[in-house]
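Working notes for the structure below.
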Amino acid sequence: MNFPLRANVRTRLVDGEILLLDDETVYVHELNETGGFVWNLCDGKLSTNEIAQRFSDEFEVDVVLATNDVIHVVEQLRQLQLITN
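For the record, in the sequence shown the residue sitting at position 16 is 17 according to my numbering, with numbers rising by one throughout.
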């Protein structure tokens with residue numbers, strides 16, 4: 002499953018934190034480093050497994066742990082309606 006970003010969500014980097022500005026709801030969401038990493042890979046082309054493999058490589062964690070973390074972040078982004086699918 003791929004996770005495209007919603008078109009009306011803008012991204013800003015402020016003091017090392019990623020802020021998501023939702024033009025539709027006028028909410029601002031702050032992501033930590035791992036959440037921001039996953040967000041940046043939600044391009045609608047990469048699958049959960051592909052994102053998890055890159056996460057595992059970047060943070061030097063086991064791919065199973067990375068997969069669980071990616072699924073958790075993606076679920077949160079989906080619940081906030083920041084990604085589609």
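For each residue, glycine too, the CB sits at the ideal point set by N, CA and C.
Just so you know, these numbers come straight off a predicted model, no measurement behind them.
Proximity winner among the options, relative to residue i (alpha-carbon distances)
{"i": "Asn41", "options": "Asn86, Val71, Leu66", "result": "Val71"}
{"i": "Gly36", "options": "Asn86, Thr26, Leu21, Glu25", "result": "Leu21"}
{"i": "Val15", "options": "Glu59, Asn33, Tyr28, Cys43", "result": "Asn33"}
{"i": "Ala53", "options": "Asn69, Ile84, Lys46", "result": "Asn69"}
{"i": "His73", "options": "Asn86, Thr85, Asp63, Thr49", "result": "Thr49"}
Assumed close pair residue i, residue j - CB separation to whole angstroms, cut-off 8 Å
{"i": "Arg7", "j": "Gln82", "result": "7 Å"}
{"i": "Phe56", "j": "Val39", "result": "7 Å"}
{"i": "Asn86", "j": "Leu47", "result": "Incorrect: roughly 12 Å between the Cβ atoms, too far for contact."}
First through last residue of the beta strand (DSSP E) which encompasses residue i
{"i": "Asn3", "result": "3-5"}
N-terminal and C-terminal residue of the alpha helix (DSSP H) that residue i is part of
{"i": "Leu78", "result": "64-80"}
{"i": "Glu35", "result": "A small fix is needed here, since residue 35 is Thr in this sequence, not Glu. It spans 34-42 - the alpha helix (DSSP H) in which Thr35 sits, taken as one unbroken run."}
{"i": "Thr49", "result": "49-60"}
Own chain residues within Cβ distance below 6 Å of residue i, not counting five before or after
{"i": "Gly23", "result": "The sequence given here has Asp at residue 23, not Gly. Counting only Cβ-Cβ distances below 6 Å, and skipping sequence neighbours, we find Val10."}
{"i": "Arg13", "result": "Leu20"}
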